[in-house]
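Presented below is the structure to which this report refers.
Numbering (our numbering), first residue to last: -12 to 352.
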């Protein structure tokens, strides 16, 4: 659909487009009251426009090495077209999904289906939990640091985490369906054992301060333990051979800059945005919401795991197992309680600052 765009401009245009939408929304938050009918109506229109544009732009992108592992997924799809009996040995649900697609659609439609599964659960989540104000959290999700990357490069990771987000829509309605969808996310990519395990742990022990202590303790433990943590988790068979190799092998790729530079304080600081947000809402301001406490605990435990293995090969993939929740961890209480006199103006500053980090990291790369 967007084949008229030069492939070298494809990724930059996404980040510039998001900067325009975010800047416009930020300006609107300073001149209009978010709760007014006209503003809600305008946000709904802008949200639908954003949803459609991102889905079409990501889902109809050309098959190219510019998008990293997309070429490898295309190769796997083509092999299953030629020989449907190729043995599937890992991430069974994803590859059986690919096998089905190889029988009924072409390559471009296959990637559109993946993008749809990646994007729509986020839309369903914000519509359920944010009601009329769903546009702002969706804007934050689409503007998150790793959102584009895991919709175009780390496709299995991205699909699996989005299914996990979709599962949370049933938190207060159907626990069996929620856990069933979480199991489905594990079948798509088995690294989801980390956020699933964190979700189970935070559900059993509902003490926010303990989550904070776990996260804080992970920093000195990682600094002192060094590579011992990667070797430990790799030795106990955490995931398949690929996941274990990420933990125990030396850095072999420049997929992201921080995967080859040891302990990254800047990315720990980035992770700390959601840590500070939850601390402020729950502990300082006394925000009481069972779902949010559970969500924040899940983020804290999953992110603490990443800090312990921060030196691992492709450690960005472990980071994403908590980062995919960051936007909703920051946004959720902001649309449940008014914390400040000019609450929505400050909300505007928060989501604008949130995207500025993403935009800065894109420009820096």
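We treat Cβ as the ideally placed atom computed from N, Cα and C, and that holds for glycine.
- Between the C-alpha atoms of residue 260 and residue 27, what's the straight-line distance to the nearest angstrom? For the purposes of this step, residue 260 is identified with residue 273 of the chain shown, where counting begins at 1. For the purposes of this step, residue 27 is identified with residue 40 of the chain shown, where counting begins at 1. Their backbone Cα atoms lie some 27 Å apart in a straight line.
- Query: With a cut-off of 8 Å, do at least 3 Cβ pairs link the segment 19 to 36 to the segment 77 to 84?
  - Reply: The segment 19 to 36 vs the segment 77 to 84: no contact.
- Within 10 angstroms of the Cβ of residue 124, are there 16 or more other Cβ atoms? Answer buried if so, exposed if not. For the purposes of this step, residue 124 is taken as residue 137 along the chain shown, with counting starting at 1. Taking all protein chains in view, the Cβ of residue 124 is crowded by 16 or more other Cβ atoms within 10 Å, so the residue is classified as buried.
- Task: Compute the distance between the beta-carbons of residue 319 and residue 116, then report whether it is under 8 Å.
- Result: Position 332 of the chain shown, counting from 1, holds the residue named residue 319. Position 129 of the chain shown, counting from 1, holds the residue named residue 116. It is a contact, given that the beta carbons lie within the stated cut-off.
- Check whether the Cβ atoms of residue 287 and residue 255 sit closer than 8 Å, and answer yes or no. The residue given as residue 287 occupies position 300 in the chain shown. The residue given as residue 255 occupies position 268 in the chain shown. No, these two residues do not count as a Cβ contact at 8 Å.
- Item | Status (buried if at least 16 other CB within 10 Å, exposed otherwise) for residue 338 | The sequence position of residue 338 within the chain shown is 351, counting from 1. Burial state of residue 338 is buried, judged by a 10 Å Cβ sphere holding 16 or more other Cβ atoms.
- Query: For residue 142, is the classification buried or exposed, using 16 other Cβ atoms within 10 angstroms of its Cβ as the cut-off for buried?
  - Reply: The residue given as residue 142 occupies position 155 in the chain shown. The residue is buried, with at least 16 neighbouring Cβ atoms inside 10 Å.
- Beta-carbon contacts of residue 2 that lie in its chain and below 7 Å, excluding the five residues immediately before and after: Residue numbering aside, residue 2 sits at position 15 when the chain shown is read from its first letter. Cβ within range, chain order: 346 and 349.
- Message: As an exercise, report each continuous beta strand (DSSP E) stretch of at least 3 residues that is fully enclosed by the segment 109 to 161, in chain order.
- Response: List check, beta strand (DSSP E) in window: nothing returned.
- Message: Going by beta-carbon coordinates alone, are residue 138 and residue 105 separated by less than 8 Å?
- Response: Taking the chain shown and counting its residues from 1, one reaches residue 138 at position 151. Taking the chain shown and counting its residues from 1, one reaches residue 105 at position 118. Taking 8 Å as the cut-off, the Cβ atoms of residue 138 and residue 105 count as close.
- Message: Check whether the segment 195 to 211 and the segment 292 to 303 touch, using three or more Cβ-Cβ pairs below 8 Å as the test.
- Response: The segment 195 to 211, when compared against the segment 292 to 303, does touch it at the 8 Å Cβ threshold.
- Message: Quick check on residue 72: does DSSP put it in helix, strand or coil?
- Response: Indexing the chain shown from 1 puts residue 72 at position 85. In the structure shown, residue 72 sits in coil (DSSP, three-state: anything other than H, G, I, E or B).
- Under a three-way DSSP split, which group does residue 362 fall into? One cannot answer for residue 362 here, as it falls past the ends of the chain, which runs -12 to 352.
- May I ask you to check if the CB of residue 301 is nearer than 7 Å to at least one heavy atom of the ligand SAH? Absence of the ligand SAH is noted for the structure shown, with no ligands found whatsoever.
- Query: Distance, Cα to Cα, residue 64 vs residue 33?
  - Reply: Here the question's residue 64 lines up with position 77 in the chain shown. Here the question's residue 33 lines up with position 46 in the chain shown. Those two C-alpha atoms are separated by around 35 Å.
- Query: Between residue 283 and residue 195, is the Cβ-Cβ spacing less than 8 Å?
  - Reply: Taking the chain shown and counting its residues from 1, one reaches residue 283 at position 296. Taking the chain shown and counting its residues from 1, one reaches residue 195 at position 208. Yes.
- Query: So residue 185 is in the alpha helix (DSSP H); what residue range does that whole segment cover?
  - Reply: Within the chain shown, numbered from 1, the residue matching residue 185 stands at position 198. Segment 180 to 191, the alpha helix (DSSP H) holding residue 185.
- Buried or exposed: where does residue 41 fall if 16 or more other Cβ atoms within 10 Å of its Cβ makes it buried? Along the chain shown, one-based indexing puts residue 41 at 54. Result: buried.
- 6 Å CB neighbourhood of residue 45 in its chain, flanking five on each side removed: For the purposes of this step, residue 45 is taken as the residue at position 58 of the chain shown. So the list reads 102 and 138, once near-sequence residues are dropped.
- Message: Rounded to the nearest angstrom, what separates residue 343 and residue 77 at their Cα positions?
- Response: Numbered from 1 along the chain shown, position 356 holds the residue referred to as residue 343. Numbered from 1 along the chain shown, position 90 holds the residue referred to as residue 77. Whole-angstrom Cα-Cα distance: 37 Å.
- Task: Using 10 angstroms around the beta-carbon of residue 324, count the other beta-carbons present and answer buried if the total reaches 16, otherwise exposed.
- Result: By one-based count along the chain shown, residue 324 stands at place 337. By the 10 Å Cβ count, residue 324 comes out exposed.
- Item | Where residue 17 sits in the DSSP three-state scheme | Locating residue 17 in the chain shown gives position 30, where the first residue counts as 1. DSSP, read as helix, strand or coil, puts residue 17 in helix.
- State the DSSP-derived secondary structure class of residue 3, mapped to helix, strand or coil. Here residue 3 refers to the residue found at position 16 of the chain shown. Helix at residue 3.
- Message: So for residue 325, helix, strand or coil by DSSP?
- Response: Numbered from 1 along the chain shown, position 338 holds the residue referred to as residue 325. In the structure shown, residue 325 sits in coil (DSSP, three-state: anything other than H, G, I, E or B).
- Query: Alpha carbon to alpha carbon, what distance is there between residue 212 and residue 10?
  - Reply: To locate residue 10, count along the chain shown from 1; it is residue 23. To locate residue 212, count along the chain shown from 1; it is residue 225. Straight-line Cα distance between these residues: approximately 42 Å.
- On a CA-only basis, which of 122, 151 and 160 is nearest residue 168? Give me that one, please. Within the chain shown, the letter at position 181 stands for residue 168. With distances taken between Cα atoms, residue 168 lies closest to 151.
- Query: Relative to the C-alpha of residue 38, which residue among 121, 251, 271 and 311 is closest?
  - Reply: Here residue 38 refers to the residue found at position 51 of the chain shown. Residue 38 has its Cα closest to that of 121, out of 121, 251, 271 and 311.
- Pairwise C-alpha distance: residue 72 and residue 316: Counting from one through the chain shown, the residue named residue 316 turns up at place 329. Counting from one through the chain shown, the residue named residue 72 turns up at place 85. When rounded, the distance between both Cα atoms is 43 Å.
- Message: Output needed for residue 175: all residues of its chain with C-beta closer than 7 Å, excluding positions within five of it in sequence on either side, in chain order.
- Response: Locating residue 175 in the chain shown gives position 188, where the first residue counts as 1. Annotation for residue 175: 78, 80, 81, 143, 146, 147 and 150 place their beta carbon closer than 7 Å to its own, counting only its chain and skipping 5 residues before and after.
- Quick one: is residue -9 buried, meaning 16 or more other Cβ sit within 10 Å of its Cβ, or exposed? If you number the chain shown from 1, residue -9 lands on position 4. Exposed is the call here.
- Quick one: give me the first and last residue of the alpha helix (DSSP H) that residue 333 is part of. Numbered from 1 along the chain shown, position 346 holds the residue referred to as residue 333. If you look at residue 333, you'll find it in the alpha helix (DSSP H) that goes 330 to 351.
- Message: Would residue 112 and residue 156 be called neighbours here (beta carbons separated by less than 8 Å)?
- Response: For the purposes of this step, residue 112 is identified with residue 125 of the chain shown, where counting begins at 1. For the purposes of this step, residue 156 is identified with residue 169 of the chain shown, where counting begins at 1. A distance below 8 Å separates the beta carbons of residue 112 and residue 156.
- Message: I need the straight-line Cα distance from residue 327 to residue 274, nearest angstrom please.
- Response: The count along the chain shown starts at 1 and reaches residue 327 at position 340. The count along the chain shown starts at 1 and reaches residue 274 at position 287. When rounded, the distance between both Cα atoms is 13 Å.
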